[in-house]
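Trainee: Numbering-wise, this note's numbering comes out as the position in the sequence shown, counting from 1, plus 11. Note that beta-carbon positions come from the ideal geometry of N, C-alpha and C, so glycine has one too. Owing to the predicted nature of the structure, the values given are computational and were not obtained by experimental measurement. Shown below is the structure under consideration.
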Amino acid sequence: MRRPVAERLLQIKRLDAWAFLSWCFATGRLVPDLELLTLKGKGTHFSLWSRLHPDDNTAVSRAATTFDWSAEWAQRVIGNAFPLLCMTRGVDLQSMTDADLDAVERAIATSTLLAPRTRRVLGSQHRCLRKLCYQLGVTDIPPVHPNRRERTPAQRAEGVPQPLIRPVIARYLTTIAATLRPATVTSRAEHLTLLTVWLSGKHPECRELTGLTRRHLEEFLAWDATRLSQGRRGRGQRISVTHHMHVVINLRSFFDDLTAWGWADRPAETVVHRADIPRPPAPLPRALPPQTDSALMKAVANLPDTAARAGITLLRGGGLRLGELLDLELDCL
12 MRRPVAERLL
22 QIKRLDAWAF
32 LSWCFATGRL
42 VPDLELLTLK
52 GKGTHFSLWS
62 RLHPDDNTAV
72 SRAATTFDWS
82 AEWAQRVIGN
92 AFPLLCMTRG
102 VDLQSMTDAD
112 LDAVERAIAT
122 STLLAPRTRR
132 VLGSQHRCLR
142 KLCYQLGVTD
152 IPPVHPNRRE
162 RTPAQRAEGV
172 PQPLIRPVIA
182 RYLTTIAATL
192 RPATVTSRAE
202 HLTLLTVWLS
212 GKHPECRELT
222 GLTRRHLEEF
232 LAWDATRLSQ
242 GRRGRGQRIS
252 VTHHMHVVIN
262 LRSFFDDLTA
272 WGWADRPAET
282 VVHRADIPRP
292 PAPLPRALPP
302 QTDSALMKAV
312 ANLPDTAARA
322 GITLLRGGGL
332 RLGELLDLEL
342 DCL
């Protein structure tokens, strides 16, 4: 269970061992991690756990009837979020604690393998599970209202695994939050967390920013440029050049700011250069096939709107840009 998730999933598929592992997870003989269960997708692990714990499942289902949830959403919370927590923490309804709820919430928020949309869905289901646990008396802490989504810079830095780097990033996020947009702060926090999580796996000896070198960043940037996308549409494909460009820009801004502000917790050398920022793709427009072009111009000739007909004809015949066309005077012809 200590191997990378992708490697474990490949091995499980090759051995056709998921049914056996599901039984091990449901009976508590093995404790899986959240990313493995989530990225596996289809399987009987959740339903098997529910069948082996009918009393817990009944109690949670009864508590769910007190909320104005649709049947589909209630089933997702009861049939997915509840077994997910119990299996990944090795607990049942009677032994569950606030620490288990907090640990799963933290694992969802800090995962670098799950797509943002997946984290949002799992987070919503987990918040509803907290409501059920509060209703059943499992926890004495009232659930946070779903509309309260603000996170402090310190909370955004919780995903940084290095104890000596985490307060530096939290302080940095607090500083830039006074002048930058919230979306920019969120993006920078995600990319800094991505770097530190990668460091913890590849270079665990690097525990402070002062020990970071250009060699580390060269290796990270090469990995980031070819890593697989976490998005729903691009899953399994390499991330786009634009996404990689944003990662490099955010990291460069971070290290440049540390140097400009004279912070002691900064690398001894320049680790991200301007030349590291890739050029954004600039695809050339494709010409229309002759048949399509002929059909288009025939349709344009029959347009009742004189301005539209003349404008499209000028664009097609003169090779003008749209902005150049709009700048023309009415009596220019």
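Is it the case that the region 53-71 contacts the region 25-37, given that we only count it when at least three CB pairs across the two stretches are under 8 Å?
Mentor: Touching, per the Cβ criterion.
Trainee: For the alpha helix (DSSP H) holding arginine 167, just list the boundary residues, first then last.
Mentor: First-last of the alpha helix (DSSP H) with arginine 167: 164-167.
Trainee: Would you tell me roughly how many angstroms separate the C-alpha atoms of glutamine 166 and threonine 185, rounded to the nearest one?
Mentor: Using only the alpha carbons, I get a separation of about 11 Å.
Trainee: Which of the three DSSP states, helix, strand or coil, is assigned to leucine 333?
Mentor: In this structure, leucine 333 counts as helix in the three-state DSSP scheme.
Trainee: Any idea which residues DSSP pairs arginine 249 with across the strands?
Mentor: DSSP output for arginine 249 lists Leu239 as bridge partner(s).
Trainee: What is the DSSP secondary structure of valine 282, reduced to helix, strand or coil?
Mentor: Note: valine 282 maps to coil in three-state DSSP.
Trainee: For the alpha helix (DSSP H) that arginine 290 lies in, which residues bound it at each end?
Mentor: It is not in any alpha helix (DSSP H) - arginine 290 carries neither H nor E in the DSSP assignment.
Trainee: Given that a residue counts as buried once 16 or more other Cβ atoms are within 10 Å of its Cβ, and exposed if not, what is asparagine 261?
Mentor: With 16 or more other Cβ atoms within 10 Å, it is buried.
Trainee: In terms of alpha-carbon separation, which member of Thr197, Glu46, Pro315 lies closest to alanine 118?
Mentor: Minimum Cα distance to alanine 118 is reached at Glu46.
Trainee: Consult DSSP for valine 58 and reduce its assignment to one of helix, strand or coil.
Mentor: Reading off the sequence, residue 58 comes out as serine, not valine. Note: serine 58 maps to helix in three-state DSSP.
Trainee: Among the candidates Arg226, Leu228, Thr207, Arg225, whose CA atom is the shortest distance from the CA of arginine 218?
Mentor: Cα-wise, what sits closest to arginine 218 is Thr207.
Trainee: Suppose contacts are defined by Cβ-Cβ distances below 9 Å. Is threonine 195 in contact with threonine 150 by that definition?
Mentor: No. Outside cutoff.
Trainee: At the level of alpha carbons, what is the spacing between isoleucine 23 and alanine 293?
Mentor: Looking at the two C-alpha atoms, the distance is approximately 41 Å.
Trainee: Please state if the CB of histidine 227 and the CB of valine 155 are separated by a distance shorter than 9 Å.
Mentor: Cβ atoms of valine 155 and histidine 227: not closer than 9 Å.
Trainee: Counting Cβ pairs closer than 8 Å, one from the region 294-312 and one from the region 265-282, do we hit at least three?
Mentor: As far as the Cβ criterion goes, the region 294-312 does not touch the region 265-282, which means the pair count is below three.
Trainee: Excluding the 5 residues flanking leucine 326 on each side, which residues of the same chain have their C-beta closer than 8 Å to its C-beta?
Mentor: Answer for leucine 326: Leu333, Leu336, listed in chain order.
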